[in-house]
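Undergrad: Numbering (my numbering), first residue to last: 5 to 170.
Backbone N, C-alpha and C define an ideal beta-carbon position, used for all residues, glycine too.
After the structure tokens below, expect a handful of questions from me.
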Amino acid sequence: MRTRAFSVVFAAVMMVSQSGCILSRLTDRAFVGFTAKRPTYKSRTLTGLAILPFAAAVDLATMPIQALLVIILGDNFPFGEEDAAQTIAMNLASDPNFSKLSQDKQQRAIKSLLQMQSKTELAQSDVLALTPEGDWVVLELNDEAHAQLLARAQTKQAVEPMACVP
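Shown next, in the form of structure tokens:
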């Protein structure tokens, strides 16, 4: 009996620490951020840590089904690798300034934005501006300008579009 309880506890601890099963990985990606570059909800780490044991228990109960799904659908199921360049291109497609750029400059702008995202730490008050040549410039705003920019972004009036990273 004691060995069985130890194995269940050990399996649960491994799932929580490795977050390899579906619900544990989902909780980790959404709240905690052990395996994700940025969790979806940055300020909800304690919520994620509270949910993680329950997710691990459900993962433990459904492990055979999850194993079959992973064998059939692949290792990254259900979290296929997102193509960041495609996501950025779709978001920028509605920007009239971006659509004015040639195809070469658009591709260069997307690549440089991906490089900046992976290498540069941006502060909350930083703004990215796209030049007519397709280059990104990091601008730091003071608190008043940042508040004005957020207020403009929240109004429903038609304003000149801008690319902003909070």
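Taking the alpha-carbon positions, what's the Phe35 to Gln111 distance?
TA: Residue 35 sits at position 31 when you count from the first residue of the sequence shown. Residue 111 sits at position 107 when you count from the first residue of the sequence shown. Answer to the nearest angstrom: the Cα atoms are 32 Å apart.
Undergrad: Taking Asp79 and Cys25 to be in contact with their CB atoms under 8 Å, please state how far apart those CB atoms are, rounded to whole angstroms.
TA: For this step, residue 79 is matched to residue 75 along the sequence shown. For this step, residue 25 is matched to residue 21 along the sequence shown. Going by Cβ atoms, the distance from Asp79 to Cys25 rounds to 13 Å, so no, they are not a contact pair.
Undergrad: Which whole-angstrom value describes the C-beta separation of Leu105 and Ala113, a residue pair presumed to lie in contact below a C-beta threshold of 8 Å?
TA: Here residue 105 corresponds to residue number 101 of the sequence shown, with the count starting at 1. Here residue 113 corresponds to residue number 109 of the sequence shown, with the count starting at 1. Sure, about 7 Å apart at Cβ, within 8 Å.
Undergrad: At which residues does the beta strand (DSSP E) containing Asp130 begin and terminate?
TA: Here the question's residue 130 lines up with position 126 in the sequence shown. 130-134 is the span of the beta strand (DSSP E), which, as asked, contains Asp130.
Undergrad: What are the partner residues of Glu144, as DSSP defines its beta bridges?
TA: Counting from 1 along the sequence shown, the entry for residue 144 is found at position 140. Paired residues: Asp130.
Undergrad: Leaving out five residues before and five after Gly52 in sequence, what residues of the same chain have Cβ atoms less than 6 Å from its Cβ?
TA: Sequence index remark: in the sequence shown, residue 52 carries index 48 (1-based). Thr31, Phe35, Val36.
Undergrad: Am I right that Val131 and Leu154 are in contact with their C-beta atoms under 8 Å? What's the rounded C-beta distance?
TA: By 1-based counting over the sequence shown, the position of residue 131 is 127. By 1-based counting over the sequence shown, the position of residue 154 is 150. Actually they do not touch by this definition, with Cβ atoms about 11 Å apart.
Undergrad: Measuring straight from C-alpha to C-alpha, what distance separates Ala149 and Asn95?
TA: Here residue 149 refers to the residue found at position 145 of the sequence shown. Here residue 95 refers to the residue found at position 91 of the sequence shown. Those two C-alpha atoms are separated by around 24 Å.
Undergrad: Does the beta-carbon of Gln70 have 16 or more other beta-carbons within 10 angstroms, so that it is buried, or is it exposed?
TA: Mapped onto the sequence shown, residue 70 falls at position 66. When all chains shown are included, Gln70 counts as buried.
Undergrad: Candidates Arg156, Ala157, Leu126: which alpha carbon is nearest Val142's?
TA: By one-based count along the sequence shown, residue 142 stands at place 138. Nearest option by C-alpha distance: Leu126.
Undergrad: Gly151: which of Ser129, Phe58, Arg42 sits nearest, CA to CA?
TA: By 1-based counting over the sequence shown, the position of residue 151 is 147. Per the sequence presented here, residue 151 reads as Ala, with Gly not at that position. Checking every option, the nearest Cα to that of Ala151 belongs to Ser129.
Undergrad: How would you write the range of the alpha helix (DSSP H) that Pro100 sits in, first residue to last?
TA: Here residue 100 is taken as the residue at index 96 of the sequence shown, counted from 1. First-last of the alpha helix (DSSP H) with Pro100: 100-103.
Undergrad: For Phe58 and Ile75, what's the separation of their Cα atoms in angstroms?
TA: Sequence index remark: in the sequence shown, residue 58 carries index 54 (1-based). Sequence index remark: in the sequence shown, residue 75 carries index 71 (1-based). Roughly 24 Å between the two C-alpha positions.
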